[in-house]
Structure formats: C-alpha cells, structure tokens
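All residue numbers for the sequence shown refer to numbering that gives the first Met the number 0, where the first residue is 0 and numbers rise by one.
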Amino acid sequence: MASAHASAPSFFETVNIYFEKAAAFCDYPRGLLDQIKAPNSVYAVQFPVRRETGDYEVISGWRVHHSHHRTPVKGGIRYAPEVNEDEVKALAALMTYKCAIVDVPFGGAKGGVRIDTKKYSVEEIQHITRRYTAELIKKNFIGPGVDVPAPDYGTGPREMAWIADTYAAFHPGQIDALACVTGKPVTQGGIRGRVEATGRGIYFGLREACMQSDDMKALGLTTGLAGKRVVVQGLGNVGYHAAKFCQEAGCVIIALAERNGAVYRAQGLDVDAVAKHLHETGSILNFPGAENLVPTQAALELECDILIPAALENQITAENAPRITAKIIAEGANGPTTAEAEKILLAKRVLIIPDVYLNAGGVTVSYFEWVKNLSHVRFGRVGKRFEEGSFERIVSAMERATGHRISDEERRTIVHGADEIDLVNSGLEETMIGAYHQIREIRKAEARVPDLRTAAFISAVRKVAASYLELGVFP
Ligand code: NAD
0 MASAHASAPS FFETVNIYFE KAAAFCDYPR GLLDQIKAPN SVYAVQFPVR
50 RETGDYEVIS GWRVHHSHHR TPVKGGIRYA PEVNEDEVKA LAALMTYKCA
100 IVDVPFGGAK GGVRIDTKKY SVEEIQHITR RYTAELIKKN FIGPGVDVPA
150 PDYGTGPREM AWIADTYAAF HPGQIDALAC VTGKPVTQGG IRGRVEATGR
200 GIYFGLREAC MQSDDMKALG LTTGLAGKRV VVQGLGNVGY HAAKFCQEAG
250 CVIIALAERN GAVYRAQGLD VDAVAKHLHE TGSILNFPGA ENLVPTQAAL
300 ELECDILIPA ALENQITAEN APRITAKIIA EGANGPTTAE AEKILLAKRV
350 LIIPDVYLNA GGVTVSYFEW VKNLSHVRFG RVGKRFEEGS FERIVSAMER
400 ATGHRISDEE RRTIVHGADE IDLVNSGLEE TMIGAYHQIR EIRKAEARVP
450 DLRTAAFISA VRKVAASYLE LGVFP
C-alpha cells in the first residue's frame, strides 16, 4: 500500500531502499539478497468481536514472519487504527535486521491489529487480544520456539499477560509456555527492566555516539550528553523513558510533543512532571511554565542538538526536513525518517542514529526475558549471595592487610551481588555499546559508506547472509 503521497515509497519500500543501499557494499549473489529481503510468511486474518453494545464487528489483523533464518522469530504487536500489511511487513523486516545488528538470535516478525484502542473498553481489548492470539495459535504463528511477540505501539504488559494466558490455556502442561511472548508483567514471568528497556537502550546508544569526540567535533558539538538540548516526539513508553534517562544524564529537555500539541521551555522541562500532567489532564498542553506549540509537528523544527522521534513512522519527511535544525536525530520510533528526508538531512551533515540499531534495547531485554522463561529461574537468584560472600572476604582480607576499616557505605557499594535488574541493565549496556562500535567501524573503515544507517544495514546483511550461506538452501 502506498503512503500519503502517491509517488512516495511505502514504508516497506523505504526499508528496502535502505537495504539496497547497504547491499551495494556487499558481494553476495542477487538471489541471496532477494531471499534476505523477502517476507517468508504473511498471515492476514479477520475475526469478529462482540461489542458491549451487542453489535458484532470484524477486526483485521496481521502477523508477518520476515525471516526464518533463525527461529523463533520475534517482533512486537501493534494496535493502531491505520496499521496495514505493508507497515507490518516493514516492521517485521526491521526486526530481522535489528536482531542481527545487536546479535539477538531471532528472525524478524511483527504483528498488527487495526483498532483505535481509545474506542474500546478494557474488556473489549482483552477479547480482541485473546481472539487474535487464538488465531495465531491455529496457524502456528506463536510459540516459544516458533514466534515470540512483544509489545509495540498501542500494546504493553497487560496485553502480553493476556496473550501468555491464552497460549497457556491452549497448551496445558507445556512447561515453556510462558516463553511464548515477552514484555509480560514481572509477576507473570516478565523481567525487571523490560518496560524501560527501549528508552534505556536509546540513552546508552546516544551516550556512546556523543562520547566520540571526533564525531561530535564534526557536528560542532561538545563531547558527552550533559547540556545538550533535546526535543522528544511521543511521550509513550519509548519517548518517556528515553527523555527521562537523557534528563538524568544532564540533557536539557526543551520540548516534548504529543498527538495534539507540544510543550516548550528553553530552560528545560521535567519529564516526570509533564508525564504526570498528561496523565491527569489527558493533554500535554498547558503545562505550567511552558509554551504550547500547535500543531505538534512544530516541535520537530525547534532549534536543538538532539531530536528523538519516538512516536510513529513518516514523521520527518521531504517537506519538513529542510527546516529541521537538530544536529543529531536519534530514531526511537521505527521508520520516523523517510528516505527522501534522509537524503536532505545527510546533505546537511546531520548524524542520524538509525532505528534499526537505536531502539533495539527492547528486543535485547525481551531476549533476556525469553532466556529467563526457558531456564525457569530469575537472573541473579543463584549467584547473588555467593558473589556477596566473595566480595566480603576480599574486603575483609584487605582490611586486615591494611589495618584500615572501610565505612559501612563503602562496604555496601562493594559488597553487592548482581540482582536481576543489575544484570539486565548490564547486558543491555554491553549490547548497545558493542553494536554501536561495530556499526561505526564499518562506517569508518569503508570510506564509501555514507552514514550510520547504511553501516547498520551492512552489518545486518552480512550476518544474515552468513547464516544462509552456512546453512545452504533446503532441500
Ligand atoms: P506507545 O503507544 O507507548 O507511545 C506512543 C506515543 O506517541 C503515544 O503517547 C502517542 O499519543 C504518541 N503519538 C502518536 N502520534 C503522535 C504524533 N503525531 N506526535 C506526537 N506524539 C504522537 O508506543 P511505544 O511503544 O512508545 O512505540 C513508539 C515507537 O517506538 C513505535 O514506532 C514503535 O514501533 C517503536 N518501538 C517500540 C518499542 C517498545 O519496546 N515499545 C521497541 C522498539 C521500537
């Protein structure tokens, strides 16, 4: 399906434009590249839901497996009024490349249900979620070793709990049933740190990018995050957490944009206070001490150092790109920048940290959750006390050797065994930093690679191609 402008490429076509740009740097047979690009299975479903009014309604849903080169496949489920097959294919393809970039051992998938969640009661959303899950079960499009969904736009831990429960009801006694979906509440087999993982990952990636003094110098910026002026679009899961971690790191959040408008304050906004205001009043507008910006798109054009689009795709287009002054665009959302807009921004030497890398924190921690569900033990539970005992013995030996007793506070900091949240955040930080340098090195080592997105796609294409070449083609 084409996007708003008839001539503009669709979202899936845009992802493929990025793929081809990277493929030009790789020496693989055309057929192999075509196989990597092609969605392997596309499932479209229509099912009824009974409204509280007594009426029936037909709901459209999709699940796309983009690549079976590794299984299970993985990717979120989106609830949105405009979601369509092209969009789900694009998002599934991004998942394949994303997992490869951060070395998460899954193929890519995505799901979509075309509903405006605001128009349904919680009970109705539960019926839709359970019925959609049942449809996935019928066609073997969900399961711990087959396809493991997660939250995306319009869904969260609540929906994931319903999915897990529905799957378990259809598979009584299946010991690994909980691993059929990630992003569950911690009390339902979820993992600590998953809710904030995508935003925290964005922060780690952005921090790493801003630590590279030569890259910052080229942009006319100082090294480090502190003091950088940031605009965030979308104050949902991804945007809220990205904004919050950036604020904690010393960034000045000058504007936050939501659906119906944005708020701006040159001296900086307190992210939690704005989120509370949004929650309480139902609108981001009229936040005390801040200026309203309507239409909301105006926020994207504010003078700032870092722009974090964290709402939806196609937000930065050929139309507004010439007026965007941010030096860094940190893509929190999937597909926020169109291919035409990217050309304009790259010509202005903007550093675009691409979605396919930057928002991979969610799937990374989802991977940890899946591993936790399969191992049936919380990370840290087995080793924490043992580690603390070892640290205590080292501290005591040092005290005896030096005759100096450390303070209780110092002792508490040193004698600290890793708990689940420590290990999750550590694994996430390691993943985001490691992947950033892999991409940056491709860009630096190969002089013709023009930008980080192309470098990220090259990294992905190479890894997926290696997997196909090692396995051969069945039969
Ligand atoms: P969400 O539903 O929690 O939040 C999205 C927010 O964007 C909402 O508050 C919504 O009101 C706002 N919004 C919608 N249209 C807007 C507009 N035009 N201008 C400003 N704000 C607008 O969704 P999310 O999970 O935060 O996902 C956001 C994006 O991040 C999506 O592109 C999604 O695919 C991507 N993503 C999410 C995750 C995850 O773990 N949730 C992981 C990777 C990528």
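We put the CB at the ideal spot given by N, CA and C, even for glycine.
Can you round the beta-carbon distance between residue i and residue j to whole angstroms, since I take them to be within the 8 Å contact cut?
i: K227; j: G198; result: Contact doesn't hold; Cβ gap of about 16 Å is too wide.
i: G416; j: E387; result: 4 Å
i: L205; j: I305; result: 7 Å
i: H64; j: Y467; result: Contact doesn't hold; Cβ gap of about 15 Å is too wide.
i: V448; j: F18; result: That belief does not hold up - the Cβ atoms of V448 and F18 are roughly 14 Å apart, past 8 Å.
i: G111; j: V87; result: 4 Å
i: A178; j: L373; result: 5 Å
i: C250; j: V229; result: 5 Å
i: I323; j: E300; result: 6 Å
i: A320; j: I351; result: Not confirmed; about 11 Å, so no contact.
i: G74; j: A108; result: 4 Å
i: T337; j: N313; result: 6 Å
i: G331; j: I307; result: 5 Å
i: E134; j: G53; result: No, E134 and G53 are not in contact; Cβ-Cβ is about 23 Å, not under 8 Å.
i: K97; j: A359; result: 5 Å
i: A99; j: A459; result: 4 Å
i: T132; j: I162; result: 5 Å
i: V82; j: D146; result: Actually they are not in contact, since the Cβ atoms of V82 and D146 sit about 18 Å apart, beyond 8 Å.
Out of the options, which one is the CA nearest neighbour of residue i?
i: K183; options: R461, A444, K371 and I413; result: K371
i: K462; options: A89, V349 and D102; result: D102
i: P287; options: P294, G267, A297 and L299; result: G267
i: A297; options: G281, V270, A325 and L277; result: A325
i: A455; options: L32, L93, L299 and S365; result: L93
i: G379; options: V423, I162 and E330; result: V423
i: V364; options: I35, G189, L224 and S9; result: G189
i: E207; options: R442, G433 and G471; result: G433
i: A265; options: E302, V121, L31 and L277; result: E302
i: V180; options: A261, G331 and E368; result: E368
i: T70; options: D450, G53 and T95; result: T95
i: E12; options: R62, G60, D85 and T154; result: D85
i: V41; options: R322, Q34, D33 and R62; result: R62
i: T165; options: V147, R129 and I307; result: R129
i: E247; options: N259, I16 and D269; result: D269
i: M215; options: A163, M159, Y263 and R348; result: R348
i: E257; options: S282, T186 and S59; result: S282
i: P156; options: L135, A133 and E195; result: E195
i: P80; options: Y152, A289 and S425; result: Y152
i: V14; options: R399, T412, R442 and V355; result: V355
i: S9; options: A43, A400, E440 and E339; result: E339
Put residue i into one of helix, strand or coil per three-state DSSP.
i: V273; result: helix
i: A454; result: helix
i: A7; result: coil
i: Q232; result: strand
i: P150; result: strand
i: E469; result: helix
i: L439; result: Here residue 439 is Arg; the residue named in the question, Leu, does not match the sequence. Note: R439 maps to helix in three-state DSSP.
i: V145; result: coil
i: T336; result: strand
i: A329; result: strand
i: R113; result: strand
i: G422; result: For clarity, residue 422 is Leu in the given sequence; the question names Gly instead. Note: L422 maps to helix in three-state DSSP.
i: I352; result: strand
i: S395; result: helix
i: A108; result: strand
i: I405; result: coil
i: S40; result: strand
i: S2; result: Because the pLDDT at S2 is just 44, under 50, the model does not fix this residue reliably, and the value given afterwards should be weighed accordingly. Residue state, collapsed to three classes: coil.
i: I315; result: strand
i: S374; result: helix
i: V185; result: helix
i: Y27; result: coil
i: K216; result: helix
i: T430; result: helix
i: I190; result: coil
i: G226; result: coil
i: A163; result: helix
i: E387; result: helix
i: I323; result: coil
Measuring only between beta-carbons, confirm whether residue i sits less than 8 Å from chain B.
i: D269; result: No chain B appears in the structure shown, which is made up of a single protein chain.
### Task
At 3 residues or longer, and completely inside the region 42 to 101: list those beta strand (DSSP E) runs for me, N to C.
Segments of the beta strand (DSSP E) lying fully in the region 42 to 101: 55 to 64 and 72 to 79.
### Unbroken stretches of the alpha helix (DSSP H), 4 residues or longer, contained in the region 242 to 312
270 to 280
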